[in-house]
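**Student:** For the protein sequence lines, the chains are B, X, F and G, in the order given. Note that the first sequence covers residues 1 to 322 in the numbering used here. Note that the second sequence covers residues 323 to 839 in the numbering used here. Note that the third sequence covers residues 840 to 1172 in the numbering used here. Note that the fourth sequence covers residues 1173 to 1493 in the numbering used here. Each residue gets a CB set at the ideal place from its N, CA and C atoms; glycine is no exception.
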Amino acid sequence: MTTSQETRSGTLAGLVQRHGALGVLVLLLVVGGLAFDTFLTAYNLGNLAVQASFLAVIALGMTMVIVSGGIDLSVGSVYALSGVLAAYSARWGPLAAVLVPLAVAAAIGLLQGLLVGKAKLAPFIVTLGGLLFARGLLQLLTTEGSETYLVPRESAFLQLGQGSVLGVGVPVLVVVLLYVIGGIVLQRTRFGMRLFAIGGGEDAANLMGLPVTSTKVGVYVLSATLAGLAGTMNAAQLGSGVTVIGVGLELNAIAAVVIGGTLLTGGTGSVSGTLAGVALLFVIQDLINQVGGFNSNLQAVVSGAVLVTVVVLQTLLSRARR
Amino acid sequence: MSSSEDMSEEPTAQVVLEASGIRKSFAGVHALRGVDFRLRAGEVHALVGENGAGKSTLIKVLTGVYQPDDGELRYLGEPVSFARPAAAQDAGISTVYQEVNLVPSMSVAHNLYLGREPRSRFGLVDFRGMRRDAGNLLEDLGIDVDPRRQLGSLGLGVQQMVAVARAVSTDARVVIMDEPTSSLEPREVETLFQLVRRLHERDVAVVYVSHRMEELFRICDAVTVLRDGRLVHSGPMYEMTRLELVATMLGRPLNEVRREGTTAFGGDHETGSTALLRATGLSRRGVLGAVDLSVKPGEVLGLGGLLGSGRSETVKGLVGLQSLDAGVIEVDGRTVRRGSAASAIRAGVVLVPEDRKAEGIIPHLSVRENIVLAALPRLSRAGIVSRARQDKVVATFMERLRIKASSPEQKVNELSGGNQQKVMLARWLAMSPKVLLLDEPTRGIDVGAKAEVQSLVDDLAEQGLGIVLVSSDLEELVEGADRIVVLKDGSSVAVLTGSDVSVDGVMSAIAEGGTDE
Amino acid sequence: ANPEGGGADPGAGSGGQQVTRTQDAGGPGCTLQQYGADKLDLTKAVVGFSQSEKEANPFRIAETASITAEAKKVGARLITTNANSDLGKQISDIQSMLAQGAQLLIVAPLNSEGLEPALRAAREKKVPVITVDRKLSSAAACKDYLTFIGSDFVDQGKRAGEAMAKATGGTGKVAILLGSSGNNVTTDRTSGFKDYLKASAPGLQIVAEQTGDFAREKGQQVTEQLLQANPGITAIYAQNDEMALGAVTAVRSAGKKPGTDIKIVSVDGTRNAVEGIIAGDLNAVIESNPRFGPLAFQTAQKFYAGESIAPTVIIQDKSYDSTNAKAEVANAY
Amino acid sequence: MSEVTAGIRPGSRAHVVGLARDYGVYVALGLLVVVNLVITPNFLSVDNLRTQAVQVVPVLVVALGMALVIGTKGVDLSVGSVMALATAMLPMYLGYGPVVAVVICLAVGAAAGLLNGSLVAFIGVQPIVATLALLVGGRGLALVISGGQLREVRNPEIRELGAGSVLGVPYTVLVAVVLVVLVSLLVGRTTFGRQLVAVGGNPKAAEFAGLPVKRVLLGVYVLCAVLAAIAGVLATARLTASDPSRLGELIELSAITAVVVGGTPLSGGRVRVLGTVAGAVLMQLITATLIKNDVPASVAQMAQALIIVAAVLVQRERNAS
Ligand SMILES: Nc1ncnc2c1ncn2[C@@H]1O[C@H](COP(=O)(O)OP(=O)(O)OP(=O)(O)O)[C@@H](O)[C@H]1O
Ligand SMILES: Nc1ncnc2c1ncn2[C@@H]1O[C@H](COP(=O)(O)OP(=O)(O)OP(=O)(O)O)[C@@H](O)[C@H]1O
Ligand SMILES: [Mg+2]
Ligand SMILES: [Mg+2]
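(1) Which whole-angstrom value is the C-beta distance of G83 of chain B and T262 of chain B, which I expect to be below 8 Å?
(2) Decide if W750 of chain X is buried, meaning its Cβ has at least 16 other Cβ atoms within 10 Å, or exposed.
(3) Give the secondary structure of D525 of chain X by DSSP, where H, G and I count as helix, E and B as strand, and everything else as coil.
(4) Would you mind stating whether G70 of chain B and V185 of chain B have Cβ atoms separated by less than 9 Å?
(5) Among G:A1460, G:E1424, G:L1462 and G:L1478, which has the Cα closest to the Cα of L1232 of chain G?
(6) With a threshold of 8 Å, establish whether the CB of Q1049 of chain F neighbours any heavy atom of ligand 1.
(7) State the beta-bridge partners of S1426 of chain G as determined by DSSP.
(8) Would you say I58 of chain B and L226 of chain B are within 9 Å of each other, going by their C-beta atoms?
(9) May I ask you to report which of helix, strand or coil DSSP gives S532 of chain X?
(10) Starting from the beta carbon of A680 of chain X, find every residue of chain G whose beta carbon is closer than 7 Å, and list them in chain order.
(11) Going along the chain, which residues put their C-beta within less than 6 Å of some heavy atom in ligand 3?
(12) Nearest to A49 of chain B by alpha carbon, out of B:I245, B:L95, B:V31 and B:L281?
(13) Contact criterion: CB-CB distance below 9 Å. Does G705 of chain X meet it with respect to chain G?
(14) Mind checking whether V637 of chain X and V792 of chain X have CB atoms under 9 Å apart?
(15) Within the same chain, show all residues whose beta-carbon is closer than 7 Å to that of G1391 of chain G, passing over the 5 residues directly before and after it, in chain order.
(16) Assign G10 of chain B to one of two classes, buried (16 or more other C-beta atoms within 10 Å of its C-beta) or exposed (fewer than that).
(17) Among all the DSSP beta bridges, which residues are the ones paired with A1047 of chain F?
(18) Ignore the nearest five residues each way along the sequence and tell me which others in A1430 of chain G's own chain have a CB closer than 7 Å to its CB.
(19) Report all residues from its chain with a CB closer than 7 Å to the CB of P94 of chain B; omit the five preceding and five following residues, and keep chain order.
(20) Between the C-alpha atoms of L1315 of chain G and D994 of chain F, what's the straight-line distance to the nearest angstrom?
(21) Going by other Cβ atoms of all chains shown within 10 Å of its Cβ, with 16 needed for buried, is Q862 of chain F buried or exposed?
(22) Which residues mark the beginning and the end of the beta strand (DSSP E) in which H432 of chain X is found?
(23) State yes or no: is the C-beta of D677 of chain X nearer than 8 Å to some heavy atom of ligand 1?
(24) So is T1412 of chain G in contact with chain F if we call contact Cβ pairs under 9 Å?
(25) Identify the continuous alpha helix (DSSP H) that holds G1365 of chain G and give its terminal residues.
(26) To the nearest angstrom, how far is the alpha carbon of T127 of chain B from that of R454 of chain X?
(27) Between K974 of chain F and the rest of its own chain, which residues show a CB-CB distance below 7 Å, the 5 nearest in sequence each way excluded?
(28) For V116 of chain B, which residues from the same chain have a beta carbon less than 7 Å from its beta carbon, with the 5 sequence-adjacent residues on both sides left out?
(29) Indicate, with yes or no, if ligand 1 has a heavy atom lying under 8 Å from the CB of A375 of chain X.
(30) Report all residues from its chain with a CB closer than 8 Å to the CB of G33 of chain B; omit the five preceding and five following residues, and keep chain order.
(31) Residues bridged to R656 of chain X by DSSP?
(32) Could you give the first and the last residue of the continuous alpha helix (DSSP H) run that contains D795 of chain X?
(33) What residues in the segment 923-939 of chain F have a beta carbon less than 9 Å from any beta carbon of chain B?
(34) Taking A410 of chain X as the reference, give the member of B:Y88, B:A42 and B:M208 with the closest Cα.
(35) Could you compute how far the alpha carbon of L1389 of chain G sits from the alpha carbon of L424 of chain X?
(36) So is I259 of chain B in contact with chain F if we call contact Cβ pairs under 9 Å?
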C-alpha cells in the first residue's frame, strides 16, 4: 500500500483515483472487445504488450523521479543512445551488449543526479541538457546518425527482445519483474519512503535528517538506468541500434505516469497506476487503428482529446478526495 | 526540578554541547555576532530573546542546518562540525524546529518514523509495526490522533505535538525545542512538560525556546538571553525574576518594564448594541457541528476550545476560505455569500491566519509587497499600482508595528518568525477592515511585540472594529476578550460573559460542554 | 515534439507511366512458391498500408493518396495506419493490421533498419510485404520482404551534383542544406552528391553542411547565417524543396538574386519548387515521385499471377530545369 | 528587474554572488559575443546583428508568455502547436484583409489559452499535462484545418511585415521590442502582474489574501497563448508561408530554456523579463555560432547542453534551506 494510499485509505474516491486509469482501461478493453473481434485476441494483446514494455520500463523510473518531486526529460535520448551502444557492443558478446549501455546510462544519470541533488539545479533544465547531450552523443557515435550497428544474427542477446517463455515475450516478463520490485522499492523500503518525503516537502525531509542529496542522486541514476535497459531490450528486439527512436518519448512517459494518478507535484504516486497508464496509451492507440479511417492528423486530435478527458477525470476524482 | 537544590549540584554536570564565538550572517543581516552557549547534561536550558534575536539561527547552527561563518562547536568535549542535520541527529541531537517541519502529504505514523522506520525481514518497512509503535507513542504522550491520518489534514497544534513526539522518541542526549508550545493548549503544554521532566530524569539536556515567560520559569534550570545576535546573559534561572528577564531581553530598564502587566490588554470596552458580524449554524460535515457567534462593534470576542475543536475552521469559514455546508453569515445585517473570500473581504471581514508559513507569507516577495498584497487594488488606478502610495502604507505600518527588517525590500522569509507575524497583521490592517479575525495572533511573538499586538488589538476595538480572537494562550484569551464563545468538537457549547470570562470559566465550560453531549 | 521526423521525403516513381530501370537489379526474382505465400485474389483481399510519417507534406500526402486511390481501383479493402515518425508505433501498426487480417502489406519504412519484428510477424502469417520509397538495408528481399519499389537516393544526390555542375559551370563554393540527421535519406543524398563532385566537378568546393531538418523555416534561417559567415557562397544544394524555398527567401533578404547570384538545386519535384524554377529562383530540381499506388498493385498482381518479382524495382526519376519546367509543372505533385 | 537582495554591502562576497546570480546570463552573453568576435567571420556587422535580432523574435515572443506562466509555478508545452493552429487560419481569412486575418489568428490563440487556463485554474489539472494535450492535439487540428499542406502567403502587407523595416529596424523586431516593454510593465507595474507573482510564490497564501487566484491563472495562460499566436504570425510573415506541420516545433523547450537561463526559477514566484530577453538572445547566439562555424549537429547539441547547464549553474540560488 502506498504512502498516499495510507493517508487516503478507505475513501472510495481515493480508490478510484488511484485505479482510475485501470478503470478506464478495463472499460476500453470491454468496449473494444465487443466492437472488434480482432482486438481482444491473445495475438493482438501479446504484440501490444511487447511493444508497450519499453515505455513501461521507462515510466517506472519516471514515476520514482516524479514522486521525489523531480522530472526526467532525458529518458528518450538515453533510450536511443543505449540501443545504439547495445547493438554496437553486441559484437563482444551478450554480456557486453547489456552492461555497456547500462553503464553509460547510469553515468549520465549520475551526472544529472549530482547537478540536481548537489548543485540544486532545476531538474527540468538539467535533464533537458541531458536530452540534448545524449542525443548529440548518439549522433557522434553513428557519424551523424548515418550508421546503424547490427546485432550479430546469432547473438544470444537477441533473446532479450525476441525470446518468449510459454508464449509470453521476454520484455513483458522483464516488465512484470521490474514492476514487482519497483512496487516494493517505492512502497516498502526506506528509499521509497525518502522519495515520498522529499517530494512532499524537501526542506522538511532535510531537517528531519534524511539524506536528501544521495536519495536524489539515486533516483536519477535509477531512472537513467531503466531508460538504458529499455533501450537495450529494444535493440535486442530490433536486432539493430536504430538512431531515430525515442524522440518525444519522455512526454509519453510523463503522460503515462500522470494518467496513472501520480501527481507531478511529488509526494504521492504508485507504480501500479503507471503500469495501467502505459497500457491505456497503447490500447487507445490500437483502438484508433482498429477503428481506422482517421488520417494521421485526425489521430493526433483524437489522442489529444482522449488525453484531456482522462486527465480531467483523474483530477476531478482526486479532488473529490479532499 | 527547576528548584535551587537541583541547581546547587548541576554546575558540576558534564557539558554536552558547547558553542563559542559563533558568528552567522546572511545577505546583509548579522544574525549571530559571536555567541557563546553552554549546555549541561540533564539541564533544561531556556534560550530567550526578542524576535529576530537569533535563537532559531543559533539552533540551526548547532544542528548543522547552517554552517557558522566563525566560531567553534564542541559536542561531548570533542570539536565537531555537522555538515547536515542528519549528522547532528546521528550524533544524538534531536530538534523540533520553529516552523513545524514535517511532511504534510504523509501520515502521522510516517512522519514519526521517517528515516528510522521499523523493518521486518528482508529489510522491508514494517507498516503494521510502525503504526502500532506510532499508536503507542502518541497514546503514551497523550496525543489523541489516528496515526494513519494525513498530517496536513490536522490542526497546527496537533502537528506541533507530532513534531515533539518525533523528537523525543529517539534516545537523544540533547533535545532542542524551538517554540514547541506556540500553538499548544494548556492541556498539551502540560503533556509537553511531563515529557521534559522525563527527559530531565534520563539526564538528557534540553534547549527550550519560548516567548511564554511563565513556562520558562516553570521548567527551566538555566537561561541564555540573546539580543540582536549577541549574548547578553547566561546563568541559572532561579537568579532571575520574570521582570528582570524581560528587561534583559528587551534591553530596557526594569522600572519601565514593570509598568506592563502580564498582558497589555486594557479592561473591557464599551461596545455597540447591534451586532456587526453575526454567524448562525455554521456547519461542515466532519469538522463543524453548529457554530453560532456574533461580534458587536468595539467588542473583542474570544473563541475558546481545545485542539481541533474547530476554531480555525470557524474563522476560515467566516471569511469563505473553508467551504461550509450550512449557516448564515451577516455583516451589518446584510448576508455575505458563503465560501467566497472576495465577498467577505468586500464586506470588511478579514482573517490573519494561524499558519503563517503555509497560509500567510509569500516567501520570495519583499516585506513591502507582502504588506500591500491584499490592498493592491486600492493602491492602484486602472490596474496600475502606485509605488508612492505603497511606500506610504508600508512605512506607516512598519513603524506602527515596529517591524524589524533591514529594509522594506528585504525578503519576508528572511525575517524572524515574530516579524513575519507582524507583516501579516500589517497586510490586513492596511485593508482597514470592519471585523478582524485573529487566529493565534501572538503565536511566536516575543513579549515586547506581544504587548504591542495586544494593545493594538485594544486600540482597534476602541476604534469600533469587531474583533474575533483565537488564542491557545488562555491567559491572553481571557484578558483580551470581552466575551468568549467556547467550541467543542466543532460546535459552540457556551458563551461566557462578565465574570465567567476567566481561565476556570473556559475550562469548566469545555468540561461541561462535554457532559451535555 | 519530433525534431527528426517531419518532411523526410524519399521516393520514386514518375507521373502516371511506370518507366522502370534495371528491372533485374539485385539478382534473381521471387515467385509465390519461393516466397511461400498463399494465392490471393486482390479484388477481394484485405491490404494494409503502413505510412511512416504524418501526411503533413506534399510527398506523404501524394503517396498515401495514390495507394488509397489504386486500392479502390483494384477493389481491395485497404487498412491504413500512420506511425507518426515513431518506429515503435510502426511496428505495432503493422502487427495490428496483421491482427485485423491484412493479407498483403505495403509498408513505407520509417527507417532502413528496425522493422524486423514487424517483418517477422508478417512472415509468420505468410503475408507478403512490399516496401515502398525507402529501402531496408539489412533485411533480405524474397525472405524478410517481397520487393522494394522506390528510388535510389544516392543516385538522386549524384544527379543533383550533375545539375549543380551544369548550373554553375563546374566552379564555385557550395553550401549543403542537409535533411534531418540520423535519416538515411539525408546520408544517401549527401554521399551521392559528394562522390559526384569529387569525381566529375572538382571545381565545386563544399564550404558548409548544416541541417535544415527538411523544413522551410530552418532552411531559411540556416542559409541566412551561412551567407553572412561566408559571403563567397555561390551555390546551394538543398536536400528537399522546402529547404530550397526557404533558402530562396534568405538569399533575397541578403540582397542577392536567387537562381542567378546564387544557384540553387534541390530534390523532390513538388509543384511549388517547379514553379520556383519557372520564376527563375531555382535552377534545377531532381524529382522524387511518390505515386507508388499503380506500380505497387501491378507488382502484387504479377506476383499472385505467378510471375517472378525482381527484388528491387528502381524507377527512373525525372528532373526539372528551366528547359522543361513550364511543360512539366502539371506533373509535379 | 534585477533582484539584488537589499542591504548587501557592495564588494562583499554575498554581493558578488548576488550579482552573478542576477546578471549571470548577461555575463554568459558577453563571453559568447567575445568568442564570436574572435572565431566567427564577419560577426561584427550590422547585417549579422539584424539577422540575429530577426531570428530570435519568435522564440523571444513565446518566451515572454512562458515567463509569465512559469512565474505562476506553471509551464505551457502547447505554445508551438498554438503557433501552428493560429497561423493555419491566416491564409483562410486573408481574403478579408490582413487585419481581420491577424485578429482571427490572435482570437484562436486566445481560445487555446482559455482551454489551457480553464483546465489549470478551474479543474486543477497539472500544467504540464493540461498543455501536453494541446501540444499533441493542437498541431493535429492545425493540419486538419489546412489539409496538411503548407500554404504560400502572397498578401503584400503580411510579406512587408515579415521583410520590411523602418530606419533599418525590421518590423518584426519592433513588434518584439514593444511586447517586451509591455510585458515588463505588466509584471512590474500592474496589479495583475504583482498578483501573478504572489500566486506563483504561494498559491494558498494568495488565496487567503483574497486574490482572484483562478482569474489570474486563466489570464496568464491566455496571455501566453496570444503571445504564441503573435509569434506565429511574425514567423509566418517572415517565411511568407503558413507551415502548420513544422512551424514552432520544439519551440516550447527553447522558450522554457530561455526563461530559466534568464533567471526566472521554475519554482515560480518571480518573473524576470529582461533576463528572459537575454536568455533568448543567448540561445540564438549559441545556435548562430554553431552554424556559422559549420559545427556538425552532434557536437552542436552537446555544446548547447553544456552551455545551458553552465549558464544555470552560474546563477543558482545560494542554498539556504
Ligand atoms: N535565511 C535567512 N536569510 C537572511 N536573514 C535571515 C535568515 N534567517 C534569519 N535571518 C535573520 O537573522 C535574524 C535572526 O533570525 P532568527 O530566526 O534566528 O530570530 P529568532 O530569535 O528565532 O526570532 P523568533 O523568536 O521570531 O523566531 C533575523 O534578523 C532574521 O531576519
Ligand atoms: N486530535 C485531533 N485528531 C484528529 N483531528 C484533529 C485533531 N486536532 C485537530 N484535528 C483536525 O484539524 C483540523 C483543524 O482543526 P482546527 O485547527 O480548526 O482546530 P483548532 O481549535 O483551531 O485547533 P488548532 O489549535 O490545532 O488550530 C480540523 O479539521 C480537525 O478535525
Ligand atoms: Mg525563531
Ligand atoms: Mg487553530
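**Tutor:** Let's see:
(1) No, G83 of chain B and T262 of chain B are not in contact; Cβ-Cβ is about 26 Å, not under 8 Å.
(2) buried
(3) coil
(4) No, the Cβ-Cβ distance between G70 of chain B and V185 of chain B is not below 9 Å.
(5) G:E1424
(6) Every heavy atom of ligand 1 is 8 Å or more from the Cβ of Q1049 of chain F, so no.
(7) Looking at the DSSP assignment, S1426 of chain G forms no beta bridge with any residue, so it has no partner.
(8) yes
(9) coil
(10) K1376
(11) X:K377, X:S378, X:Q420, X:D500, X:S738 and X:G739
(12) B:L281
(13) yes
(14) yes
(15) Cβ within range, chain order: F1364.
(16) Legend: pLDDT at G10 of chain B = 46, less than 50; position of this residue unreliable, no value from coordinates given.
(17) F:A1014
(18) Excluding residues up to 5 positions away in sequence, V1231, A1235, T1448, G1451, A1452 and M1455 lie with their Cβ nearer than 7 Å to the Cβ of A1430 of chain G in the same chain.
(19) Sequence-distant partners of P94 of chain B (beyond 5 residues in either direction) whose C-beta falls short of 7 Å from its own C-beta, in its chain, are S155, A156 and F157.
(20) 32 Å
(21) Low local confidence applies: a pLDDT of 45 at Q862 of chain F is under 50, so the model's placement there is unreliable, with the coordinate-based value given in what follows. Q862 of chain F should be labelled exposed.
(22) Looking at the DSSP string, H432 of chain X is not in any beta strand (DSSP E); the run it does join, the alpha helix (DSSP H), is V430 to Y435.
(23) Not under cutoff, so the answer is no.
(24) yes
(25) T1363 to G1373
(26) Each residue's CA atom was taken as its position, placing T127 of chain B and R454 of chain X some 41 Å apart.
(27) The answer, listed in chain order, is S951, F987 and G989.
(28) G70, P123, V126, K216 and Y220
(29) Yes, since a heavy atom of ligand 1 falls inside the 8 Å radius drawn around the Cβ of A375 of chain X.
(30) Here the set comprises F39 and L40.
(31) X:V653
(32) No alpha helix (DSSP H) contains D795 of chain X, which DSSP labels as neither H nor E.
(33) N923, S924, D925, L926, G927, K928, I930, S931, D932, Q934, S935, M936, L937, A938 and Q939
(34) B:M208
(35) 29 Å
(36) No, because no Cβ of chain F sits closer than 9 Å to the Cβ of I259 of chain B.
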